[in-house]
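> Got a structure for you, questions after.
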Amino acid sequence: KTDTYEIDLKHLKASSYGIYDVFLDGAFITQVNFFGSGMTIEKLTDMVLEAGTHEISFVCVGKNELSTNYKMGVTKLLLLNAHSQYIRDITEYGDTQRAVWMYYGVNNGHGHPDTLNIGINAFGLDLTPELGYPEYADSTPHRLEWVNNTISHNTVVVDKSVQDKRNKVEDPLHFDAGEMVQLIDVDAPKAYQSKNVDYRRTTAMIKVDSENFYAVDFFRVQGGSDHHFSFHGAEGVVSTEGLNLAPQVDADGNYIGTYAGVNTQWGIRPQGDAGNSGFHWLKNVRSDNVPGETFSVDWNVKDTWNALGKGAGAPTDIHLRLTMLEQTDSVAITTGVPPRNKPGNPSELEYLVAHRSGTNLDSMFTSVIEPYKGQRLINNISKVELTVDGQPFVGNDARAVKVEFADGRVDYVVYSVNNDVTFVVDGKIGFKGFFGVYSEREGIPS
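Taking our numbering, the leading residue of the sequence shown gets 11, the next gets one more, and so forth.
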């Protein structure tokens with residue numbers, strides 16, 4: 011195939027080897043000294059190769075003074091186009107590209123009702139993949155009730171109903187792309203306008219080092235009587251901390267029902283589900299109906315699409331961990347199924363669903379989302395007290411989160427919708443504004 015290639019030579023080095031000029035199709039490209047020991051991969055050149063047959067030749071031109079002979083030993087010639095170089099580099103060095111994104115665009119037609127859905131990319135993988143193209147682009151239930159539904163995305167479902175479908179975008183209020191902190195803040199009054207719901211999400215991406223980051227997510231929902239926070243990672247094994255999960259099973263230990271209830275069937279929309287919740291497409295329910303205020307869910311992801319070059323579905327040491335810092339009424343880990351007729355799709359993805367209920371409900375889902383590889387860099391995550399004029403602040407208009415690292419770094423992340431109020435964070439930091447990050451080591455600002 012005609013392309014630009016990096017031409018590499020994998021060869022032996024020995025005390026009896028010589029020095030050779032290398033030619034490609036009769037043209038000199040470089041000189042290789044085979045004297046030494048061991049095995050190496052040496053770059054010869056970059057050049058455009060046309061489709062067809064080419065000839066590489068080696069001409070001995072001498073040897074090192076210490077060499078005992080003029081031999082050479084070659085094991086492999088590597089032709090790497092841009093994609094092959096990328097796969098090699100991320101396999102050897104790791105992919106340090108990272109991103110957090112939020113969707114606030116059109117959510118009808120070819121758009122999904124997934125306003126304020128977020129996604130995360132790190133270590134060469136999509137850690138929160140979309141479900142992808144539907145099984146059939148028609149009105150089949152798996153598409154309309156699940157793949158295109160609100161619940162299958164990383165957002166919040168209000169009153170067990172799909173979001174209002176509108177051909178309009180929402181309102182970004184803040185955006186910043188700093189060196190240490192990047193942030194997006196979007197108000198989405200149209201998402202559940204028919205239910206008179208205020209719907210706003212603020213997500214910040216905070217740098218740890220050249221390879222690592224974490225995100226802090228503040229999702230405020232005001233109105234309605236049921237809020238379901240939905241979040242899923244990539245294909246892989248899920249573990250939890252701070253939850254006592256009980257499987258929804260029968261007397262024989264077999265899973266029964268769906269997230270819509272014990273007496274529902276997977277893929278069959280229950281009678282009375284006027285809002286098209288999509289809950290009946292979530293199976294294998296494991297739930298904690300008395301969760302504590304803080305819990306974590308950790309996805310040890312697989313490389314579903316062979317992005318890292320070690321095989322489709324290969325296990326990795328890459329994780330995505332979400333720590334929730336708000337009291338909820340119940341938490342469930344449950345299984346969703348991507349389109350089943352698309353080659354390579356995972357058979358299932360594991361979802362976290364955190365539920366709150368109440369009259370004129372006001373929720374501030376506060377979480378820290380932490381991609382990591384191998385061992386975690388974060389030791390502890392907690393919500394810390396805010397005071398105003400010496401009194402504890404009560405309400406959902408502000409939050410402060412403390413993130414403590416294994417190397418001694420401590421971050422405080424502060425959020426407020428009232429720029430006129432001065433808060434004291436954790437008894438020691440004054441703050442007035444919309445959003446702030448303060449880092450210290452041993453009490454000294456970083």
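For glycine and all other residues, C-beta sits at the position ideal for the given N, C-alpha and C.
Source: prediction; values computed, not measured.
How would you label V69, buried or exposed, when you count the other beta carbons within 10 angstroms and need 16 or more for buried?
Locating residue 69 in the sequence shown gives position 59, counting from the first residue. Its Cβ having fewer than 16 others within 10 Å, V69 is exposed.
> To test your reading of the DSSP string, which unbroken beta strand (DSSP E) runs of 3 or more residues are found completely within the region 155-208?
The qualifying runs are 166-168, 181-187 and 191-197.
> On the three-pair Cβ rule with 8 Å, is the region 351-367 touching the region 195-204?
With the cut-off at 8 Å, the region 351-367 and the region 195-204 do not touch.
> Between the beta-carbon of V447 and the beta-carbon of D421, is there less than 8 Å?
The residue given as residue 447 occupies position 437 in the sequence shown. The residue given as residue 421 occupies position 411 in the sequence shown. Contact flag set, yes.
> Just the Cα atoms here: how many angstroms apart are A244 and S25?
The count along the sequence shown starts at 1 and reaches residue 244 at position 234. The count along the sequence shown starts at 1 and reaches residue 25 at position 15. Going by the C-alpha atoms only, they are around 50 Å apart.
> So if DSSP puts Y15 in a beta bridge, which residue, or which two residues, is it bridged to?
Here the question's residue 15 lines up with position 5 in the sequence shown. Answer by DSSP bridge pairing, in chain order: M57.
> N389 and E360 look like a contact to me (Cβ under 8 Å); what is the Cβ gap, rounded to whole Å?
Taking the first residue of the sequence shown as 1, we reach residue 389 at position 379. Taking the first residue of the sequence shown as 1, we reach residue 360 at position 350. No, N389 and E360 are not in contact; Cβ-Cβ is about 25 Å, not under 8 Å.
> Starting from G72, follow the beta strand (DSSP E) in both directions and report where the run begins and ends.
Here residue 72 is taken as the residue at index 62 of the sequence shown, counted from 1. G72 -> beta strand (DSSP E) spans I66 to G72.
> By the 10 Å Cβ neighbour count, where 16 or more other Cβ atoms means buried, how is D56 classified, buried or exposed?
Looking up residue 56 in the sequence shown gives position 46. Answer is exposed; the Cβ neighbour count stays below 16.
> Where DSSP assigns a beta bridge to F38, which residues make up the other side?
As a first step, residue 38 must be located in the sequence shown, where it is residue number 28. Note: F38 sits in a beta bridge opposite F33.
> Any idea which residues DSSP pairs G453 with across the strands?
In the sequence shown, the residue the question calls residue 453 occupies position 443. Bridge partners of G453: none, in fact.
> Classify I278 as helix, strand or coil using the three-state DSSP reduction.
What you label residue 278 is simply residue 268 of the sequence shown in a count that begins at 1. Coil at I278, not helix or strand.
> Suppose contacts are defined by Cβ-Cβ distances below 8 Å. Is L387 in contact with T344 by that definition?
As a working note, residue 387 is residue 377 in the sequence shown. As a working note, residue 344 is residue 334 in the sequence shown. Contact flag unset, no.
> Q385: buried (16+ other C-beta within 10 angstroms of its C-beta) or exposed?
What you label residue 385 is simply residue 375 of the sequence shown in a count that begins at 1. It counts as exposed.
> To the nearest angstrom, how far is the alpha carbon of G302 from that of S377?
For this step, residue 302 is matched to residue 292 along the sequence shown. For this step, residue 377 is matched to residue 367 along the sequence shown. Rounded to the nearest angstrom, the two C-alpha atoms are 14 Å apart.
> For K20, write down the residues that DSSP places opposite it in a beta bridge.
Start at 1 with the first residue of the sequence shown, and residue 20 comes out as number 10. According to DSSP, which records beta bridges pairwise, K20 is partnered with I51 and K86.
> Note down the Cα distance separating F305 from T250, rounded to an integer number of angstroms.
By one-based count along the sequence shown, residue 305 stands at place 295. By one-based count along the sequence shown, residue 250 stands at place 240. Straight-line Cα distance between these residues: approximately 7 Å.
> Would you decide whether I379 is buried or exposed? Buried here means 16 or more other CB atoms lie within 10 Å of its CB.
As a working mapping, residue 379 is identified with position 369 in the sequence shown. By the 10 Å Cβ count, I379 comes out buried.
> Run through DSSP, which three-state label would W309 get?
Within the sequence shown, residue 309 is the residue found at index 299, counting from 1. Here W309 sits in strand by DSSP.
> Tell me the DSSP bridge mates of A364?
Taking the sequence shown and counting its residues from 1, the one referred to as residue 364 is at position 354. Per DSSP, F239 and V341.
> Going by DSSP in three states, Q401 sits in which element: helix, strand or coil?
In the sequence shown, counting from the first residue as 1, residue 401 sits at position 391. Correct three-state label for Q401: strand.
> Which residues share a DSSP beta bridge with N43?
Position 33 of the sequence shown, counted from the start, is the residue given in the question as residue 43. DSSP, once it has assigned bridges, lists I29 as partnering N43.
> Looking only at its chain, what residues have a beta carbon closer than 6 Å to the beta carbon of F441, apart from the 5 residues adjacent to it on each side?
Looking up residue 441 in the sequence shown gives position 431. Excluding positions up to five away in sequence, the list reads V424, F433 and V435.
> Here's the rule I'm using: 16 or more other beta-carbon atoms within 10 Å means buried, otherwise exposed. How should E65 be labelled?
Locating residue 65 in the sequence shown gives position 55, where the first residue counts as 1. Classification for E65: exposed.
> I need the straight-line Cα distance from N273 to H242, nearest angstrom please.
As a working note, residue 273 is residue 263 in the sequence shown. As a working note, residue 242 is residue 232 in the sequence shown. Distance between the alpha carbons of N273 and H242 is about 25 Å.
> I believe D18 touches E60 by the beta-carbon criterion, under 8 Å. Please report the beta-carbon distance rounded to the nearest angstrom.
Sequence index remark: in the sequence shown, residue 18 carries index 8 (1-based). Sequence index remark: in the sequence shown, residue 60 carries index 50 (1-based). With a Cβ gap of about 19 Å, D18 and E60 do not count as contacting.
> When you compare the CB positions of G288 and E155, do they come within less than 8 Å of one another, or not?
Counting from one through the sequence shown, the residue named residue 288 turns up at place 278. Counting from one through the sequence shown, the residue named residue 155 turns up at place 145. Their beta carbons are under 8 Å apart, which means G288 touches E155 by this criterion.
> Look up W291 in the DSSP assignment and say whether it is helix, strand or coil.
Indexing the sequence shown from 1 puts residue 291 at position 281. Helix.
> Report yes if the CB atom of D298 is closer than 8 Å to the CB atom of N254, and no otherwise.
One-based indexing of the sequence shown puts residue 298 at position 288. One-based indexing of the sequence shown puts residue 254 at position 244. In contact: D298 and N254 (Cβ atoms closer than 8 Å).
> Excluding sequence positions up to five away, which residues of its chain have a Cβ less than 7 Å from the Cβ of L183?
One-based indexing of the sequence shown puts residue 183 at position 173. Correct list, in chain order: D195, V196 and D197.
> I'd like the list of long-range same chain contacts for Y80, defined as Cβ closer than 7 Å, with 5 residues on each side in sequence excluded.
Taking the sequence shown and counting its residues from 1, the one referred to as residue 80 is at position 70. If we look at Y80 and ignore the five residues flanking it on each side, its Cβ neighbours are G28, C70 and K73.
> Got a sec, what are the start and stop residues for the beta strand (DSSP E) F415 sits in?
Translated into the one-based positions of the sequence shown, residue 415 becomes position 405. Where F415 is concerned, the enclosing beta strand (DSSP E) stretches over A408 to F415.
> Report the three-state DSSP secondary structure of H329 (helix, strand or coil).
Position 319 of the sequence shown, counted from the first residue, corresponds to residue 329. Reduced to three states, the DSSP call for H329 is strand.
> Excluding five sequence neighbours on each side, which residues of the same chain lie with their C-beta closer than 6 Å to the C-beta of T14?
For the purposes of this step, residue 14 is taken as the residue at position 4 of the sequence shown. Once the five neighbours on either side are set aside, the close Cβ partners of T14 are V58.
> Between T150, T165, T78 and I161, which lies nearest to Y114 when the distance is taken from Cα to Cα?
Counted from its first residue, the sequence shown places residue 114 at position 104. Comparing Cα-Cα distances from Y114 to each of T150, T165, T78 and I161, the minimum goes to T165.
> Taking 6 Å as the limit between beta carbons, can you name the residues of its chain near V157, skipping five residues before and five after?
Residue mapping note: residue 157 aligns to position 147 of the sequence shown, counting from 1. Closer than 6 Å at Cβ, skipping near neighbours: L141 and P144.
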